[in-house]
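>
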Ligand code: SF4
Ligand code: SF4
């Protein structure tokens, strides 16, 4: 298959583009979000299903393992947390509902900036 057209064998594919480790902490995946999980703390029964299932480890907890909120720097708005919550404590709302929110509340505390990393 090599050199014959669009398809290549795996040996022809260039090496991946990850150039150094631990970069995922710097990538603001929250920028992808079109829907936002909203936590109703009064309904939460601290089962931690959302914390366990969140693919981006965006559910934050305190030292007593109670859910304290959502890290919007990483939360992609996939809705898994709302789906698995047995108490209906998480609702998914359009990001457009939060356009007037301060940037910090909208994007979350910033542990790193993708713009700096990639020279933007
Ligand atoms: S919407 Fe998805 S990424 Fe965001 S907190 Fe819920 S499970 Fe995690
Ligand atoms: S899944 Fe729902 S009830 Fe369980 S910890 Fe998360 S928000 Fe609370």
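Residue numbers (the numbering used here): 710 to 829.
Glycine included, each C-beta is placed from N, C-alpha and C at the ideal position.
Taking the beta strand (DSSP E) that residue 776 belongs to, which residues open and close that run?
Per DSSP, residue 776 belongs to the beta strand (DSSP E) from 776-779.
> Could you spell out the range, first to last residue, of the beta strand (DSSP E) harbouring residue 748?
Looking at the DSSP string, the run of the beta strand (DSSP E) that includes residue 748 is 744-748.
> How would you write the range of the alpha helix (DSSP H) that residue 790 sits in, first residue to last?
It spans 789-793 - the alpha helix (DSSP H) in which residue 790 sits, taken as one unbroken run.
> Consider the C-beta atom of residue 766 and the heavy atoms of ligand 2; say whether any pair is separated by less than 8 Å.
Outside the cutoff, so no.
> Based on the DSSP output, what are the partners of residue 802 in its beta bridges?
745, per the DSSP bridge assignment.
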